[in-house]
Every structure is written in structure tokens, then in C-alpha cells.
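> Next up is a structure, given as C-alpha cells.
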Amino acid sequence: MSRLPKITIDHARVVYPGARGAGPVEALGGVSCNVADGELVCIVGPSGCGKTTLLRVLADLEQLTDGRVVITDSDPARPVKAMVFQGAGIFPWMTVEQNVAYGLRLRGMPPAERIEIARRWIGEMGLDRFANAYPAQLSGGMQQRVGLARAFAYNPQVLLMDEPFGALDAQTRLILQQTLLRQWDREAKTVVFVTHSIEEALTLGDRVLVMSARPGRLIHEFRAPFARPRDAIALRSDPRFSAMFAEIWSVLRDEVERARAAELGATA
Amino acid sequence: MIRNRWLSFLSPFLLLTLWELAVQVGWLNRIFYPPPSEVFITFGAMIADGQLPRDVGLSVMRVFVGMVIGGVPAIVIGLLMGISPVVRALVQPLAAAIYPIPKIALLPLVIVVLGLGEASKIATIALSVFFMIVLNVAASVLQVDARYFEVAQSFGARRIDLFRTVALPASMPGIITSVKLGMGFALTLIVGVEFVGSNDGVGHLIWRAYELYAIDSMIAGLVAVALVGWAITVLLDEIERLLVPWQFVRAANDDARQFIQTWWGALRPHSYTAAIIPVALGAIIAGAEGHFHPLLLTLALLGAIAIQAGANLTNDYFDYTRGIDTPQSFIGRNVLLRGELQPRQVLIAGLVAFAVGAIIGLYLVSVGGAFILWLGVIGVLVGFFYTAGPFALAYTGLGETAVFLFMGPLTVIGSYYLQTQSITAPVIFASLPVGFLIAASLHANNLRDLESDRAKGKRTLATLLGRAGANIEYYALVGGAYLSLLLLALIGVAPWPTLIAAITLPTALGLMRRVARDYEPQALHPVLRQTTQLHMQFGFLMLAGWAGAWMLGMS
Ligand SMILES: Nc1ncnc2c1ncn2[C@@H]1O[C@H](COP(=O)(O)OP(=O)(O)OP(=O)(O)O)[C@@H](O)[C@H]1O
Ligand SMILES: [Mg+2]
Chain A
0 MSRLPKITID HARVVYPGAR GAGPVEALGG VSCNVADGEL VCIVGPSGCG KTTLLRVLAD
60 LEQLTDGRVV ITDSDPARPV KAMVFQGAGI FPWMTVEQNV AYGLRLRGMP PAERIEIARR
120 WIGEMGLDRF ANAYPAQLSG GMQQRVGLAR AFAYNPQVLL MDEPFGALDA QTRLILQQTL
180 LRQWDREAKT VVFVTHSIEE ALTLGDRVLV MSARPGRLIH EFRAPFARPR DAIALRSDPR
240 FSAMFAEIWS VLRDEVERAR AAELGATA
Chain B
0 MIRNRWLSFL SPFLLLTLWE LAVQVGWLNR IFYPPPSEVF ITFGAMIADG QLPRDVGLSV
60 MRVFVGMVIG GVPAIVIGLL MGISPVVRAL VQPLAAAIYP IPKIALLPLV IVVLGLGEAS
120 KIATIALSVF FMIVLNVAAS VLQVDARYFE VAQSFGARRI DLFRTVALPA SMPGIITSVK
180 LGMGFALTLI VGVEFVGSND GVGHLIWRAY ELYAIDSMIA GLVAVALVGW AITVLLDEIE
240 RLLVPWQFVR AANDDARQFI QTWWGALRPH SYTAAIIPVA LGAIIAGAEG HFHPLLLTLA
300 LLGAIAIQAG ANLTNDYFDY TRGIDTPQSF IGRNVLLRGE LQPRQVLIAG LVAFAVGAII
360 GLYLVSVGGA FILWLGVIGV LVGFFYTAGP FALAYTGLGE TAVFLFMGPL TVIGSYYLQT
420 QSITAPVIFA SLPVGFLIAA SLHANNLRDL ESDRAKGKRT LATLLGRAGA NIEYYALVGG
480 AYLSLLLLAL IGVAPWPTLI AAITLPTALG LMRRVARDYE PQALHPVLRQ TTQLHMQFGF
540 LMLAGWAGAW MLGMS
């Protein structure tokens, strides 16, 4: 594989026109970084620092005010990117199967083929019995798995994941982390994974990027030194794991406090 | 909660009954307040002479065509408004300004332009529903969560995909709601339009009835409008289920089909032949003698079915609450044992059925006089107290006798009396075969449950007579049916074609053999079912024979 970066982010800046009465909001204050092909990068940062904004920029859902992002399209047969949304974002009017096959359908894949792929991913997520159910009949965790299955079935070159496990209970979260790890071991995808949890970032990521309080910038970068294939449970007892956790936390804590202070200042 | 719902079911019937009574007794003036039974008759007559179906059909056609002409463009433009700010800016102010104008106020203008024909009526409907639907549809598209559009975009959706896979399905519930609103609106409007600018349609019918002071016709017209509105609502609900299935998944347990299945099981329609056969027999005997009023026969059938349904339901209730029916009993599909209905629901449905029977009965009383009244009162009492109260007939050994009398001679005679205003000895005899067989099928039930009834202290003729005696009773009842039919034909009371019912004799003999041989409930269960079928087959064949003789002028 070439060492050409899969994703190039170059001084990305996003300024939102402010709400009525308030000034404009600088969500991203010039972020620069590269993501290599097949790399899983995790991003942590205080709430409101612009993590979602960064992913939305990568997904073409948001315009940059300044700077540049490029995703190299190295495989014309596969879609370039897909996003797993904070909160599953699956369509209530489609069955689980239709939801999972949705991206493939938009790419014009014939029904028999896309249903086969969808079925495979539904099985992978342990949802076989619910293939024909509607989202309203599923629990939150199951809906989240449908969102994952939809992104995996689409098989994009770059997967953008915005706190995909954020709203789940601890057990489901662990199981889905394992699922993601296994999947990644099978076929290394380029993944940008936003999370609130340092543990999750260390468990999953090759690198962990820490963002500053708003306007968001990348202030620190950690390399997770754990060999793959990884096991989400075994990692917890690795002494390097707790050491790194403490290190990331000490950086992040300052930012979280700064973000809180800024918020309090804004309301005072 | 449940009680309230049942009260709301019961209250219309109560009101109708009170109304009927108040008129029959003379407290209300019949001219101003025609009783429900009279309206019912007028309604039937208006259907029969084709006036009501024609006018209602015309109105429905106008509503439907107006809905299509106004509604389809409204949905398309509404969707476009929701998606495109440009279209919204163009249409919204205009639509919002015209929307509040009462559309009936446009009628004169429309008539000036389009004349008095169909076009002006349809155009008024189309115009009104257009503005109502277009604004509602646009609003429902705007309410779609923007996130869904982003999800679709992130999977590479083009504009047309956004429309097809997000905007349309997500706003479908809103579209359907607006069509429902539009439909209700159109129905109200068409009646108003036909009041003034029409010489046909149901609105015109009501208005004309008013001018002629035919209050019963007027009310019949109103009832027709209500029924059409109700039917359209049911239809649209079904369409909604088809188009937005995801909105109904939570309520999957009490959907309409389940509801119908449950109540079908509770009402046991297959048992109505027991009521239909004797009523039909009485009327056919009268017909063969030259007295035949189809309307009276229809009402008598409906009344008898209602009373039968009431008896089924109340009996299920009392058997269940007394612990006579248990999951071990052989009673087929029982909605109470399966927990599909609450006991109270079954009881009140039974009372409602009796009430319906009573309303129909009251009209029949007005034709047939005191004799019919007594018959009806006894019928309801027998049906109700069959298992209710401390002297429940079924538990005192009197069940067979009561059923024999009521499902045999009394009903045949009553139905005959309605048509002829007289009672004759031949009719009494003619009712015997049918009475024997209905008693036999009840007795088959008691034979099967002999041991368990005895254990529970439920007294039936079977438990009183013991197994041997009970078997003889079964032979006597089944055999009695064939013997009495033969005698009737021989002495010339029944025309000889009724003997065709004897072709069921092999079945009857087979059943008797089984009863002689078997005593286990499992083995006797089919005997019960087949005895009921025997009654039905025998009864219909006898009816057919008698009707054939009547048609051929043989009696
Ligand atoms: N459409 C918008 N208009 C104006 N301001 C916005 C908009 N979207 C986000 N913002 C602001 O930009 C900042 C960054 O938002 P963003 O959603 O990227 O944060 P985040 O890091 O994902 O937060 P969280 O961790 O809570 O999800 C926030 O202060 C938010 O208020
Ligand atoms: Mg976020």
C-alpha cells in the first residue's frame, strides 16, 4: 500500500453564522491532520468542540469556511465514504433489511444481490429475527446495530463514525466494540471514530487525537501501542492501557475545564 | 376505562330503544319523531325502490371525482412546496389566503361559470379539498426531521432519491391525514351543495324530504350519509395500514383482523343456522299458503340472529365466570379461555345483541301484536337465563326442553304468525323435526360433557338419566326427527318433496352407532359437531323441499 494519506485535512475552519443576537460561532479553528489508508483514528474532545462538525465536513454535509479536506478515491468500484450518525439515524419507514440495503440501493445494485449482502450484515449484528421488523419495534441498541450494518453493508473506503456507541448500555457497547474490532481485523478500513470515551478510543484506535475546547483544534496525538488483533476485555488489564488512559485524561481534563469555563463565561 | 367504552357502545342502543318506546307508548308524536323501527322500514323501502342507492351513489361519485381532481394535484404541489422554497414562495401566500374562505360561498360563483350541472358540484368539492390538502401536505413535508435527508445524502442520494426515499415516505402519514380531513370536508360540503344546487344526490333527498315533511325519509337520508362517512373512514384506515405499515407495528396485537377474528370467535356465526332454519321454515310454510312479506322475514331473521348472538355471548360469560368452562373443556375456540376478550366485554356485547334483537322485535310487535311480544320476551329470557342466575336452565336439566321449544315450535309458529296473523295445527306439527334435531345437538353436547358436568355439579338431562338413559334420549331425538317428518308427509301436512331431508339418514344412523359405542369426550366431540351439521343439512333440505313445493304450486 502506498503511504499516500487517505484523508488530508488542511487548516480546516468552520464558522457558523451565530444565532439571533449572538455573534458567529467558530466551531473548527483550523484543524490539520492526515489519516493513512486502513488506519483507525479516534477523536476525543470536550463536548461542543467541533467533533461532529469535522465529520460532517468530511461527509460533505457542511461547507468549510477556510482550508481544505481531500479524501483520495482509490477504488472506483466502492463508494468513497459513509457516515454512522450520532443516534442511529435509521429510517422509521423502512424495515431493518431495507435500511441496511439502502446505500446499495442508491448505488443501483440489483435487489437480489443487495438483499443478500444486507442479510449477511444483519446476521453479523445478531438481528436475523428482526430483518423484517420496523425500527419502532427495536430497542435503542438494536437500532444502533442497524445503523452499523447499513454502513458496513455499503462497504465504503472511509467510514465516518460519530459516537456510534454513545447511547448504549455498557454491555452492548462492549459487544459492538468487539464486533467492530473483528470486522476491522478481517478487512482494514479507514475509519474516523469520534467518541467521548478515552477507553473506547484506546481500545479501537491506532491513533487517538485530542481536540481542544472550541474553536476546535488538534492539540495532541497519541499512538495506541497495542498489537492487533485486539480484544476489548484483555486490553483493560494491560498496564500500558491505564498509563495511556491517565496521560490522555490529563490533557483532556484541561480542555474540558476550559470548555466549561467558556460556557459559564458565556452565560454570565 | 373498559366500562366507559362499553357504555359508549350501549348508549346509542339505549337511546334508540327509549325513543322507540316513547313513540310506541304515545309520549312522542309519531309525525315529528318517527320511531327507529319506522325509519328502518323507510330505509329498507328506499333501498328497495332504488331511490336511496341512486342518490347516495351520485353523491359518492361527486365526492370521489372531486377528491381526485382536487386531491391529486394538491398532493403533488404540496410535496413540491415542501421540498422547494421557490414553489413554496409562489403558492403558499395564495393558498393561505383562499383556504379560510368557506367554500360553499364559492358555489354561486362556480355555478355562474360552470352552470348547474355536474361540473359545478364537482368543481366546488375539488376546489375546497385542494386548498386544504395542499397546505397540510406542504406542512407535513416541512416537519420531516432534516437529519433523515442528511443520512440519505451521506449515502449519495440525488435529489430524486431524496424525494422518493425520504420526503415521500416520511410525509405519507401527514398526507393520509390530510386526505382523511379532505374527505370528511368533501362529504359535508356535497350535502350542502346538493341542498341548494341540485335535483339529485343524497343532500337533495334530505332537503326534499324536509319540504314534503317526510321526517322518516329525512332521517333515513341522514343515516345513509352517516353510513357512507363511516364506510369511507374504514376504507381510508385500511389504505393507511397499507401505505404506512410502520406506523402500526406497535399496535400489531389489536389490529383490525385480530379484532374481527376475536369477535367472530365470540359471536359464533356458524351457530346462527339454529335460529335461521325455524324462522325460515315458518315463513315458507306461510308463503306456500299465500302469505309472504319478504321484509318481515328479513327482520325476523335479523332479530332471531341477534337473540342467538346475545345468548351465545351471555352464556359464554356465565359459563366462564361460574367456572363451568375451563381450559380442559372441549369448547373449541373460546375467546374467554384464550384471554382474547374480557368477561365484561363479552357480557355487554351479549346485552347489546339482545338490545338489537329487542329493537327489531319491537317493530315486529307493532305488526304482529301481543303474541309476538310474548314470544320475543320468552326468547330473550330463555336465551339469557339459559346459563344465568340461580335457576339457570342448562343446569337444572331443562336445557333440552327449553331449546326444543324455543328453537323449534315457538320460533316456527312465531315466524308463521308474523306472515299470516294466525296459528294453525299443521304448523305446530311441521316444527317438530327441526325442534328434535336442535335438542339432539344440545344433548350431544351434554353427552360429551357428562362426566365433567357431573363432577362440577352441573345438572343436565344426561347427568340425571345416566349414560344408558342419555344414549336412549339421543336415539329418540334424532330418530324422532325422521319419524315425525315421515308422518307429516304421510298425513299431508308437509308436501312430499320435504322428504328429501331423509337423504341425511345414513349420517344420523352413523351418529347413533357412535353414541352407542363411545363414551370418551374425545370420541364424542365429533358427534356434537356432526349433530349440529345434521340439523343444518336436514333443516335446509326440508326448507328447500317445502319452498320447491310452494314454487311448483303443489300445496
Ligand atoms: N448548525 C449550526 N449552527 C450554529 N452553530 C452550530 C451548528 N452546529 C453546531 N454548532 C456549534 O458548533 C459547535 C461544535 O458543534 P459540534 O456538534 O461539532 O460539537 P461536538 O464536538 O460534536 O459536541 P458533542 O461532543 O456534544 O457532540 C458547538 O458549539 C455548536 O453549538
Ligand atoms: Mg457531536
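Sequence order for the protein chains is A and B.
For the first sequence, numbering that gives the first Met the number 0 assigns the number 0 to the initial residue and increments by one for each residue that follows.
For the second sequence, numbering that gives the first Met the number 0 assigns the number 0 to the initial residue and increments by one for each residue that follows.
No residue lacks a Cβ here, since even glycine has one placed at the ideal position from N, Cα and C.
Against chain A, does Glu-149/B count as a neighbour if the rule is that its beta carbon must be under 7 Å from one of theirs?
So yes, Glu-149/B belongs to the interface.
> Quick one: is the Cβ of Cys-48/A within less than 6 Å of any heavy atom of ligand 1?
Because some heavy atom of ligand 1 lies under 6 Å away, the Cβ of Cys-48/A counts as near it: yes.
> So which residues on chain B does Phe-90/A lean against when the C-beta distance must stay under 7 Å?
Ordered by position in chain B, the residues that pass the 7 Å Cβ test against Phe-90/A are Tyr-147.
> Does Glu-472/B pass the burial test, meaning 16 or more other C-beta atoms within 10 Å, or should it be called exposed?
When all chains shown are included, Glu-472/B counts as buried.
> Can you tell me whether Asn-252/B is helix, strand or coil according to DSSP?
Note that Asn-252/B scores 45 on pLDDT, short of 50, meaning its location in the model is unreliable; the coordinates nonetheless yield the value given after this. In this structure, Asn-252/B counts as helix in the three-state DSSP scheme.
> Hey, could you find the ends of the beta strand (DSSP E) Tyr-15/A is sitting in?
Counting along the chain, the beta strand (DSSP E) containing Tyr-15/A begins and ends at 4–15.
> Check each candidate in Met-141/A, Gly-140/A, Asn-154/A and name the one with the smallest Cα separation from Thr-189/A.
Out of Met-141/A, Gly-140/A, Asn-154/A, Asn-154/A has the C-alpha closest to the C-alpha of Thr-189/A.
> For chain B, find out if any of its Cβ atoms is closer than 7 Å to the Cβ of Ala-148/A; answer yes or no.
No, its Cβ sits nowhere closer than 7 Å to a Cβ of chain B.
> Kindly indicate if chain A contains any beta-carbon less than 7 Å away from that of Pro-555/B.
Coverage of chain B is limited to positions 0 through 554, which leaves residue 555/B absent and any answer about it impossible.
> Is any beta-carbon of chain B found at less than 7 Å from that of Ala-135/A?
Cβ-Cβ to chain B under 7 Å: yes for Ala-135/A.
> Considering only residues of the same chain and omitting the five flanking positions on each side of Asn-252/B, which have a CB-CB separation below 7 Å?
Since pLDDT at Asn-252/B reaches only 45, below the 50 mark, its modelled position is unreliable, and the value read off the structure follows with that caveat. Taken in chain order, the list of residues that qualify is empty.
> For Ala-223/A, which option in Ala-132/A, Arg-55/A, Ser-31/A, Asp-237/A has the closest C-alpha, if you only look at C-alpha atoms?
It is Asp-237/A.
> Please find out if some non-hydrogen atom of ligand 1 comes closer than 6 Å to the beta-carbon of Ala-26/A.
Yes - ligand 1 has a heavy atom lying nearer than 6 Å to the Cβ of Ala-26/A.
> Any beta carbon from chain A within less than 7 Å of Ala-166/B's own beta carbon?
No, its Cβ sits nowhere closer than 7 Å to a Cβ of chain A.
> Is there contact between the stretch 402–416 of chain B and the stretch 478–494 of chain B, where contact requires at least three CB pairs shorter than 8 Å?
As far as the Cβ criterion goes, the stretch 402–416 of chain B does not touch the stretch 478–494 of chain B, which means the pair count is below three.
> If you check the beta carbons only, do Ala-151/B and Val-165/B fall under 7 Å apart?
Contact flag set, yes.
> Which runs of the beta strand (DSSP E) at least 3 residues long sit entirely within the stretch 82–166 of chain A? Give them in chain order.
You should have 157–161.
> So, at 7 Å on beta carbons, what are the nonlocal neighbours of Arg-77/A in its own chain, with the 5 sequence-adjacent residues on each side left out?
Cβ neighbours of Arg-77/A beyond the five flanking positions: Asn-154, Pro-155, Gln-156.
> Assign Asn-562/B to buried or exposed, taking buried as 16 or more other Cβ atoms, counted over all protein chains shown, within 10 Å of its Cβ.
Chain B is shown only over 0 to 554; residue 562/B falls outside these bounds and no answer can be derived.
> Gly-155/B versus chain A: which residues are under 8 Å apart at the beta carbon?
Those are Pro-78, Gly-102, Leu-105, Arg-106, listed as they occur along chain A.
> Exposed or buried, Ser-58/B, counting other C-beta atoms within 10 Å across all chains shown (16 or more means buried)?
With 16 or more other Cβ atoms within 10 Å, it is buried.
> Would you mind giving the Cβ-Cβ distance between Gln-246/B and Ala-274/B, rounded to the nearest angstrom? I have them listed as a contact below 8 Å.
Rounded, the Cβ-Cβ distance is 41 Å, inconsistent with contact.
> Return yes when at least one heavy atom of ligand 1 lies under 6 Å from the C-beta of Thr-51/A, else no.
At least one heavy atom of ligand 1 is nearer than 6 Å to the Cβ of Thr-51/A, so yes.
> Would you mind working out which of Ala-354/B, His-203/B, Gln-536/B, Arg-466/B sits nearest Ala-443/B, comparing C-alpha positions?
Out of Ala-354/B, His-203/B, Gln-536/B, Arg-466/B, Arg-466/B has the C-alpha closest to the C-alpha of Ala-443/B.
> Determine the DSSP secondary structure at Ser-31/A, reduced to helix, strand or coil.
Three-state DSSP puts Ser-31/A in a strand.
> Got a sec? Which residues, its chain only, sit under 6 Å from Ala-250/B by beta carbon, not counting five neighbours each side?
Reliability fails at Ala-250/B, whose pLDDT of 47 lies under 50, so the model's placement of it is uncertain and no value is given.
> For Thr-395/B, does the three-state DSSP call read helix, strand or coil?
Strand at Thr-395/B.
> When you compare each of Leu-504/B, Gly-398/B, Phe-148/B to Arg-458/B by their alpha carbons, which one comes out closest?
Closest option to Arg-458/B, Cα to Cα, is Gly-398/B.
> Taking only beta carbons into account, state which residues of the stretch 59–85 of chain A come closer than 7 Å to chain B, listed in chain order.
Against chain B - using a Cβ distance shorter than 7 Å - the residues of the stretch 59–85 of chain A are Leu-60, Pro-78, Ala-81, Met-82, Phe-84.
> Assuming Thr-497/B contacts Trp-545/B under a Cβ cut-off of 8 Å, what Cβ separation, rounded to an integer in Å, is found between them?
About 5 Å; that satisfies the 8 Å criterion.
> So who's on the other strand from Arg-458/B, going by DSSP bridges?
Answer is Thr-395/B.
> So does Arg-177/A have its beta carbon nearer than 6 Å to some heavy atom of ligand 2?
The question names Arg, but residue 177/A is Gln in the sequence shown. The answer is no for Gln-177/A.
> Which word fits Glu-256/A, buried or exposed, when buried means at least 16 other C-beta atoms lie within 10 angstroms of its C-beta?
That one is exposed.
> Beta carbon of Gln-85/A: closer than 6 Å to some heavy atom of ligand 2?
Yes.
> If you measure between the beta carbons of Pro-34/B and Val-22/B, is that distance less than 7 Å?
A contact, by the Cβ cut-off of 7 Å.
> Closest Cβ-Cβ distance between Val-248/B and chain A: below 7 Å?
Output row for Val-248/B: interface = yes.
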